[in-house]
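The sequence shown begins at -18 in my numbering and counts up by one.
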Amino acid sequence: MPEGGPEEAVSDALLDSIAAARVGGDFWGHHVRGVKLVVQAGIAIPPERLSGLEAGQAVVMGGAPSVELAPYARELPGPCDPWALVEEAEAVQARADDDVAIVAVLLGVPVLGPDFQPIDPRHLKEVARNRLSQACYRDCFTGEEADIGQAVRQLAEWRALFSANRGISAASGMAWWKRDVMRIFLWDGLRSPPFVKARQGLDRALREKGALAVWPSRVPASTADAAAEQGTPLIRVEDGFLRSRGLGAALHPPGSIVADHSGIYYDARVGSDLETILATHDFPAELVERAGRLRSRICAAGSRNMARARAR
-18 MPEGGPEEAV
-8 SDALLDSIAA
2 ARVGGDFWGH
12 HVRGVKLVVQ
22 AGIAIPPERL
32 SGLEAGQAVV
42 MGGAPSVELA
52 PYARELPGPC
62 DPWALVEEAE
72 AVQARADDDV
82 AIVAVLLGVP
92 VLGPDFQPID
102 PRHLKEVARN
112 RLSQACYRDC
122 FTGEEADIGQ
132 AVRQLAEWRA
142 LFSANRGISA
152 ASGMAWWKRD
162 VMRIFLWDGL
172 RSPPFVKARQ
182 GLDRALREKG
192 ALAVWPSRVP
202 ASTADAAAEQ
212 GTPLIRVEDG
222 FLRSRGLGAA
232 LHPPGSIVAD
242 HSGIYYDARV
252 GSDLETILAT
262 HDFPAELVER
272 AGRLRSRICA
282 AGSRNMARAR
292 AR
């Protein structure tokens, strides 16, 4: 988001929507839990302020811990989701214009400045408004200008996709010619699951306490029972509604997939995520209009399945 765009008013409701969506910073990063103190690099912490901390309950953002803080600090594994990092903290020590201070105020976590004095949340929210309003936003698909709300909604959708994929330990039964796109579809923000045989996938998922993604028709019929017996969640994957021409016989990868955590849409014997969505979710007018635009675009492009429906 380049600097220098026209300023846009940032309301409290918009700040609340950012906090609810938890987007901003490296939100796709590692989830680090159990942190009580978050410190911006370069801020010295007197020993008396570390009373009550246990080893691993402090982190330093953007640098190495001081000598005093080192016994209590844990090393971060790489890019970290600041929302997960800050939400359990008792305090954040940072400058008012630092990203972690903005995340903290949006989550309601107290922020102390370099002088160890509390920073007024109203001031921090004003800093957040200025930061947000001074940036330019563009639609990542069209390149056209967008407003902050559009950017937040798009990032929220991506976060939801990453979150749904987080915890997939392995994938089994994926045809070799689909694996490149499967790596993209099943990416969790940091990694894609390895492709292994079903038995190896079950073993890996058990060790990691994760889930196994499978292509149902390409794994042994006993896989579902084995997963249930060991308590491993099974995610069933199939080609989605948007398909490339030549899918299957011509070995063209799919344009979309379904990753179902409860069943699969074509099996009426059990429920599916699709059934749950249709039965329980609201469909506001804005979403219906968006779906209509998407349908028109798919038909105009002659994509698989929709093109057939149009021909009828």
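Each residue gets a CB set at the ideal place from its N, CA and C atoms; glycine is no exception.
- Taking the Cα of Leu18 as reference, the smallest distance to any Cα among Val4, Gly5, Asp7, Ala36 is reached at Ala36.
- When DSSP states are grouped into helix, strand and coil, Val13 belongs to the coil group.
- Between Asp220 and Trp158, the alpha-carbon positions lie close to 13 Å from each other.
- Annotation: Ala45 to Pro52 spans about 12 Å, alpha carbon to alpha carbon.
- In terms of Cβ geometry, Ser144 and Ala179 do not form a close pair [threshold 8 Å].
- Excluding its 5 nearest sequence neighbours in each direction, Gly182 has C-beta neighbours in its own chain below 6 Å: Ala151, Ser153, Leu193, listed in chain order.
- Here Glu71 carries a coil assignment [DSSP, helix/strand/coil].
- Each residue's CA atom was taken as its position, placing Asp128 and Glu256 some 33 Å apart.
- In this structure, the straight-line span from the alpha carbon of Ala85 to that of Gly33 is close to 21 Å.
- Note that the segment 85 to 104 does not touch the segment 117 to 128; fewer than 3 beta-carbon pairs, one per stretch, sit closer than 8 Å.
- Residue state for Ala240 is assigned as strand, using DSSP reduced to three classes.
- With a 10 Å radius around the Cβ and a threshold of 16 neighbouring Cβ atoms, Asn111 comes out exposed.
- Within its own chain, the residues whose Cβ lies closer than 6 Å to the Cβ of Gly94, once the five positions on either side in sequence are excluded, are Ile100, listed in chain order.
- Shortest Cα-Cα distance from Ile149 to any of Arg217, Gly23, Arg134, Phe97 involves Arg217.
- Excluding the 5 residues flanking it on each side, Leu88 has same chain C-beta neighbours closer than 8 Å at Ala0, Trp64, Val67, Glu68, in chain order.
- In this structure, the alpha-carbon of Gly212 lies about 8 Å from that of Leu187.
- Taking the Cβ atoms as the reference, Val73 lies roughly 14 Å from Ala54, outside the contact range of under 8 Å.
- Here Asp241 is buried. Its C-beta has 16 or more other C-beta atoms within 10 Å.
- Around the beta carbon of Gly23, fewer than 16 other beta carbons sit within 10 angstroms, so the residue counts as exposed.
- Membership of Ser150 in the beta strand (DSSP E) is indicated by the continuous run 149 to 153.
- Pairing Ala137 with Ala2 gives a Cβ-Cβ distance under 8 Å.
- Within the segment -13 to 66, the runs of alpha helix (DSSP H) that reach at least 4 residues and sit entirely inside it are, in chain order, -7 to 2.
- Ala116 and Arg250 have their C-alpha atoms spaced approximately 51 Å apart.
- His104 sits in a helix when the DSSP states are folded into three classes.
- Straight-line spacing of the CA atoms in Trp196 and Asp254 works out to 16 Å.
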